[in-house]
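Protein sequence lines, in the order shown, are assigned to chains Z and C.
Just add 2 to wherever you are in the first sequence, counting from 1, and you've got this note's numbering.
Just add 133 to wherever you are in the second sequence, counting from 1, and you've got this note's numbering.
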Amino acid sequence: MILVLIMHFFPLQAQTTSSDPLYRYSVAYFGNNLWNPGVKLGMEYTWKVKNATDHVPNLKRSLQKEWVPGASIGFYLDPGSHAGLFSNAGIGYRRTNGNDRTRYASLNPAGIYRSFLTETYAYDDQGNIERVTLPGNFYYAPAFSIGIGKFTGPDLQSGWFTHLTITTLIPYNHWIMPLINLEVGIMFGKRGGTQ
Amino acid sequence: MRNFITIGCIIILATVFGCSKPDHRLDEVIYVRHKGADMPAYLHGNPEAKVFVVVLHGAGSFGLAFRDGAFTEVLEDNYVVVYWDQRGQGMSQGRYEQPDDLVGLMADDVIALAGVLRAKYGKEIQLFLMGHSWGGALGTTVLLKEGQQNLFSGWISVSGVHDFPLSAESRRRQLLSIADEQIAMGNTVEKWQELHDGVSALDSLSANDYQPTLRYAMQTMKLLYESGVIEHSLASEKLYRAIIDNNPVTWMVSNFFNQPVNVALADDYSLSDLLPGITLPALLIYSKYDVSVPPVVGRDAYERLGSAEKELLLFEHSIHHPHDTEPDRFAEEVVRFVEKFR
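Here's what the structure looks like:
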């Protein structure tokens with residue numbers, strides 16, 4: 003979340019088609035293991051944008067390619083087991099075709115995850131038992147996403163998307179654990195003034 | 134009219150959300166934290182008898198895999214069943230270094246679980262320990278820890294292994310025995326003969342023949358299902374537990390990285406010489422067609438156990454999961470045993 007705030011108030015120098023940088027905000031259903039329900043809020047910043055023309059036989063179509071650094075924060079619930087709170091930051095790449103349909107991939111090497119467990123009791127070597135306050139664990143949680151979507155609003159600012167996200171918890175037990183998540187959400191944009 | 138609808142909605146909502154669980158049910162999830170691992174225990178059942186059956190799952194499995202059939206329909210009606218995910222299995226999580234003595238540490242985890250159950254639900258509760266397959270090895274290790282047998286009122290071994298070399302050696306004899314029986318009965322003779330000839334050529338003591346033996350074991354199970362000797366069906370409830378209740382990715386990845394049974398195999402883990410040290414009442418349930426832990430392992434355990442009260446039962450229509458393939462008899466025998474010794 004700190005990274006999101008930093009990006010908002012101290013944007014990187016942008017090269018956009020408009021004079022002002024574009025911020026996009028998103029809200030998505032975040033399904034851990036597909037059906038453990040959650041929510042994810044995100045923000046991205048249009049850092050580098052390139053308009054291109056894609057030549058294919060008998061068709062000329064326009065493309066926009068953009069690099070979008072971003073960050074997100076989210077939460078999910080695995081009923082009867084645990085909950086997870088997480089935040090990621092990294093960079094995404096989005097291609098938008100002439101029909102405003104998008105393809106997207108992102109790599110988020112900065113990530114943190116905190117699990118929240120149900121009632122937990124700690125047992126030590128002397129047989130003492132204590133109830134644990136706010137039980138759970140922190141993990142380093144880099145993530146990788148791929149997805150598709152479509153801009154529905156003007157100036158490629160807003161639309162919908164669906165992403166498949168793999169978040170890796172490290173170290174989980176004494177190795178790693180991937181979490182497979184499905185995101186379906188909407189995004190909306192806002193042009194910001196230069197600082 | 135509007136008031137009538139409003140009142141009706143209130144009544145419906147109050148009925149739906151006001152419904153409380155039956156007084157005799159316990160349905161809770163608690164975690165036991167021990168040496169870096171947070172291990173969930175799913176407790177379901179009837180707490181009135183103050184009897185808790187702690188289930189130690191087998192290799193590659195998870196606690197809730199047992200929560201159907203005999204367990205939900207009978208055992209939970211009488212007792213609280215504790216479906217527990219062992220260290221590094223199922224939904225267990227945490228951060229710890231891989232220990233030198235993994236099996237010993239996992240046995241200490243069970244002792245921690247027992248301590249937590251008593252602390253939370255009362256010192257007067259009685260615990261019965263049930264171990265399936267690898268869980269049999271784990272449970273036996275727990276009971277052999279000094280001064281820990283008195284934590285439990287009884288031991289139930291379900292196709293449990295206490296001697297890995299014995300289990301591996303006896304597999305070949307078991308495969309040949311089953312093949313001979315099926316050939317004599319005239320069931321798909323050609324396929325059984327082919328299997329018999331293949332197994333005959335194996336050396337049961339050779340590490341090189343371990344994987345081929347396992348392949349023939351899988352083939353044996355398949356033939357038994359195909360010929361109807363063993364009924365095979367995947368209960369929808371079991372599928373639900375595996376995919377919805379449990380996180381299948383977490384379960385399978387955990388199993389990939391942490392297989393205590395492999396540690397036991399590599400160490401030729403055997404508790405045979407120590408079994409006379411177990412003296413609490415014991416019920417041993419083994420299956421006639423088990424090609425993973427053959428019934429001869431159960432007979433060996435029965436003969437060596439130091440318990441004054443011990444029983445060995447052979448389930449005639451089962452392979453490695455008698456609680457699934459003969460659930461009625463399984464539930465009946467477990468209840469009879471628990472009622473006798475609680």
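Where is the CB? At the ideal position from N, CA and C, for every residue including glycine.
| said: Can you tell me which residues form a DSSP beta bridge with residue 175/Z? | reply: The bridge partners DSSP lists for residue 175/Z are 228/C.
| query | Does the distance from the CB of residue 183/Z to the CB of residue 88/Z come in under 7 angstroms? | reply | no
| query | What does DSSP give as the partner residues of residue 66/Z in its beta bridges? | reply | 53/Z, 98/Z
| request: Return the chain-ordered list of same chain residues with a C-beta closer than 6 angstroms to the C-beta of residue 307/C, the five sequence neighbours on each side being excluded. | output: 424, 427
| Considering residue 188/C, what are the terminal residues of the alpha helix (DSSP H) in which it resides? | It is not in any alpha helix (DSSP H) - residue 188/C instead sits in the beta strand (DSSP E) that spans 184–189.
| task | Report the neighbours of residue 392/C on chain Z: residues whose CB is nearer than 9 angstroms to its CB, in chain order. | result | Within chain Z, no residue comes near residue 392/C; the closest Cβ sits about 12 angstroms away, beyond 9 angstroms.
| query | According to the Cβ coordinates, are residue 452/C and residue 354/C closer than 7 angstroms? | reply | Cβ distance < 7 angstroms, so residue 452/C and residue 354/C count as in contact.
| query | Since residue 104/Z contacts residue 150/Z with CB under 8 angstroms, what's their CB separation in whole angstroms? | reply | Right, the Cβ-Cβ distance comes to about 6 angstroms (below 8 angstroms), so this counts as a contact.
| field | Cutoff 7 angstroms: residue 154/C Cβ touching any chain Z Cβ | value | Only weak support is given to the placement of residue 154/C: the predicted model assigns it a pLDDT of 49, under 50, and the question is left unresolved by the model.
| said: Given a cut-off of 7 angstroms on the beta-carbon distance, is the pair residue 48/Z and residue 29/Z in contact? | reply: no
| query | What in chain C is Cβ-close to residue 176/Z, meaning under 7 angstroms? | reply | 229, 230, 231
| task | Anything in the segment 129–161 of chain Z with a Cβ closer than 7 angstroms to a Cβ of chain C? List those residues in chain order, please. | result | 129, 131, 134, 137, 139
| task | Could you name the residues of the segment 163–174 of chain C whose beta carbon sits closer than 8 angstroms to any beta carbon of chain Z, in the order they occur along the chain? | result | Within the segment 163–174 of chain C, the residues whose Cβ lies closer than 8 angstroms to any Cβ of chain Z are, in chain order, 163, 164, 165, 166, 167, 170, 171, 173.
| message | In the DSSP output, which residue or residues are listed as bridge partners for residue 150/Z? | response | 105/Z, 164/Z
| Who are the near neighbours of residue 141/Z in its chain, counting only those whose CB is closer than 7 angstroms to its CB and skipping five residues on each side? | Counting only Cβ-Cβ distances below 7 angstroms, and skipping sequence neighbours, we find 115, 171, 172, 174.
| Within the chosen definition, does the segment 246–262 of chain C reach the segment 178–185 of chain C through at least 3 CB pairs nearer than 8 angstroms? | yes
| query | Can you name the residues of chain Z whose CB is closer than 9 angstroms to the CB of residue 239/C? | reply | The contacting residues do not exist; residue 239/C stays about 12 angstroms from chain Z at best.
| In the DSSP assignment, what residue or residues form a beta bridge with residue 74/Z? | According to DSSP, which records beta bridges pairwise, residue 74/Z is partnered with 44/Z, 90/Z.
| task | Flag residue 123/Z as yes if its beta-carbon sits less than 7 angstroms from any beta-carbon of chain C, otherwise no. | result | Yes, contact with chain C.
| Members of the segment 376–407 of chain C near chain Z, C-beta cut-off 8 angstroms | Result list: 377, 378, 380, 381, 382, 383, 386, 387, 390, 391.
| field | Under the three-state DSSP convention, the category residue 194/C falls into | value | coil
| said: For residue 216/C and residue 175/C, what's the separation of their Cα atoms in angstroms? | reply: 5 angstroms
| query | Who does residue 476/C pair with in a DSSP beta bridge? | reply | Missing from the structure shown is residue 476/C; chain C here goes from 134 to 475 and no further.
| message | Check whether chain C comes within 7 angstroms of residue 89/Z, counting only Cβ atoms and requiring the distance to be less than that. | response | no
| Who are the neighbours of residue 441/C on chain Z, taking C-beta pairs under 7 angstroms? | Residues of chain Z passing the Cβ test: none, with the nearest at roughly 28 angstroms.
| task | Find the residues of chain C that neighbour residue 173/Z, judging by a C-beta separation of less than 7 angstroms, and give them in chain order. | result | 228
| message | Quick check on the DSSP output: the alpha helix (DSSP H) that includes residue 126/C runs from which residue to which? | response | The question about residue 126/C has no answer, for chain C in this structure spans 134 to 475.
| Near-chain Z residues of the segment 254–271 of chain C (beta-carbon distance less than 8 angstroms), N- to C-terminal order | Within the segment 254–271 of chain C, no residue qualifies.
| said: Give me the chain Z residues within the contact set of residue 252/C, using Cβ-Cβ distance strictly less than 8 angstroms, ordered along the chain. | reply: 123, 131
| request: Would you grab the beta carbon distance between residue 224/C and residue 380/C for me? Rounded to a whole angstrom, and I think it's under 8 angstroms. | output: Here residue 224/C really is in contact with residue 380/C; their C-beta atoms are around 6 angstroms apart, less than 8 angstroms.
| message | Against residue 35/Z, what residues of chain C qualify as contacts under a CB-to-CB distance less than 7 angstroms, listed in chain order? | response | 380, 382
| task | List the endpoints of the continuous alpha helix (DSSP H) containing residue 395/C. | result | 393–399
| request: Could you give the DSSP three-state label for residue 219/C: helix, strand or coil? | output: coil
| task | For the segment 248–332 of chain C, list the alpha helix (DSSP H) runs that are entirely contained and at least 4 residues long, ordered along the chain. | result | Within the segment 248–332 of chain C, the complete alpha helix (DSSP H) runs of at least 4 residues are 267–276, 297–317.
| query | Which of helix, strand or coil does DSSP assign to residue 346/C? | reply | helix
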